[in-house]
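**Q** Numbering (the numbering used here), first residue to last: 19 to 340. C-beta: ideal position from N, C-alpha, C; glycine also. Please read all numbers here as calculations on a predicted model, not as lab measurements.
Written out as structure tokens, the structure is:
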């Protein structure tokens, strides 16, 4: 089956600080690989040795001690009764003397922050990382450690690590915060959502098309060569919270132009025929993050493999030459 691209133009979208915008009843087109466009509508335990007939392993048997017969009139000595408290209660050794969660944030390069958490008594345990309104889930390793790098979303970025009922908060200052523009998308579960950025007239799949399969690196932005994308969260968690952040060094760009940004939603066996929700976060005029609510009624499972392209959900970045 050929893959189709359904272009969804979001109409009447209002993006306000802490405001809401919903994508419902959107106009969209279906484009096949031959370029034809058609109008479409999305709508809304037993041991073996214990079993009968199973032979047991032969081996040397313990010697039988001769039974001792009591002589007439002999009385057995009574069992000695120990006073209360003479037998200590059982104790269980802790694997680690200190099970406290530790959490450290370190400024890396540009707007990137390295996060390191350690929970010695919580190996292979779910951990949530929160930065303001953005949150994602992952897992600690066999020793209870977790590491990731996250673009800061505020000049004084605040991060919370939550694991096994314990929370630790850290702050880190980002001196070059204003140099970078950033947009974010977050969702929960298997939604097929992605951010796509087309830098300075780039075409889909060409150079300058930045997305999860071609994210580039933070060094690209630090050196003013273009933007990069960071995907956060563990996709193997079926109900895990995920996020993507796209960053562009608008404050040190060498040419003027635009970065066109869209959100795409691939129709998969896990997302077809259901309601998909998410949030888009983008810096407003005053630097505060504006939040837009996203709701999509995904097409039926006969459309698996098709992709919805949501236009106008995230504002394009206007870049001036410096």
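Do the segment 287-303 and the segment 197-209 meet, that is, are 3 or more Cβ pairs less than 8 Å apart?
**A** The segment 287-303 vs the segment 197-209: in contact.
**Q** According to DSSP, residue 296 sits in a beta bridge with which residue or residues?
**A** BP columns for residue 296 point to 205, 312.
**Q** Can you have a look at residue 219 and say buried or exposed, based on whether 16 or more other CB atoms are within 10 angstroms of its CB?
**A** Exposed, since its Cβ has fewer than 16 Cβ neighbours within 10 Å.
**Q** Could you tell me the boundaries of the alpha helix (DSSP H) in which residue 272 lies?
**A** Premise fails: residue 272 is in no alpha helix (DSSP H) and is neither H nor E.
**Q** Going by DSSP, name the residue or residues bridged to residue 289.
**A** Residue 289 is not bridged to any residue.
**Q** Who are residue 181's beta bridge partners in DSSP?
**A** BP columns for residue 181 point to 184.
**Q** So, under 8 Å CB-CB, residue 265 and residue 246 are touching, yes? Tell me the CB distance rounded to an integer number of Å.
**A** Between residue 246 and residue 265 the Cβ distance is about 6 Å, and since that is below 8 Å, they are a contact.
**Q** If you draw a straight line from the C-alpha of residue 284 to the C-alpha of residue 116, how long is it?
**A** Each residue's Cα considered, the two are about 45 Å apart.
**Q** So, are the CB atoms of residue 331 and residue 150 less than 8 Å apart?
**A** Their beta carbons are not under 8 Å apart, which means residue 331 does not touch residue 150 by this criterion.
**Q** Quick check: the segment 217-237 against the segment 173-182, are there 3 or more CB pairs under 8 Å?
**A** They do not touch, by the three-pair rule.
**Q** Roughly how far, in whole angstroms, is the beta-carbon of residue 166 from the beta-carbon of residue 250, given that I think they are within contact range, below 8 Å?
**A** Indeed they touch by this definition, with Cβ atoms about 7 Å apart.
**Q** Rounded to the nearest angstrom, how far is the Cβ of residue 133 from that of residue 204, given a contact under 8 Å?
**A** The pair is not a contact, with the Cβ atoms about 17 Å apart (cut-off 8 Å).
**Q** Grab the span of the beta strand (DSSP E) containing residue 165 for me, first residue to last.
**A** 163-169 is the span of the beta strand (DSSP E), which, as asked, contains residue 165.
**Q** For residue 253, which three-state DSSP category applies?
**A** DSSP places residue 253 in coil when its eight states are reduced to three.
**Q** Would DSSP call residue 259 helix, strand or coil?
**A** In this structure, residue 259 counts as strand in the three-state DSSP scheme.
**Q** Return the first residue and the last residue of the alpha helix (DSSP H) that residue 239 is part of.
**A** First-last of the alpha helix (DSSP H) with residue 239: 236-240.
**Q** If the criterion is Cβ atoms closer than 8 Å, does the pair residue 177 and residue 261 meet it?
**A** No.
**Q** Are residue 202 and residue 299 closer than 8 Å when you measure CB to CB?
**A** Yes, the Cβ-Cβ distance between residue 202 and residue 299 is below 8 Å.
**Q** Under the three-state reduction of DSSP, which class applies to residue 198: helix, strand or coil?
**A** Residue 198 falls in the coil class under three-state DSSP.
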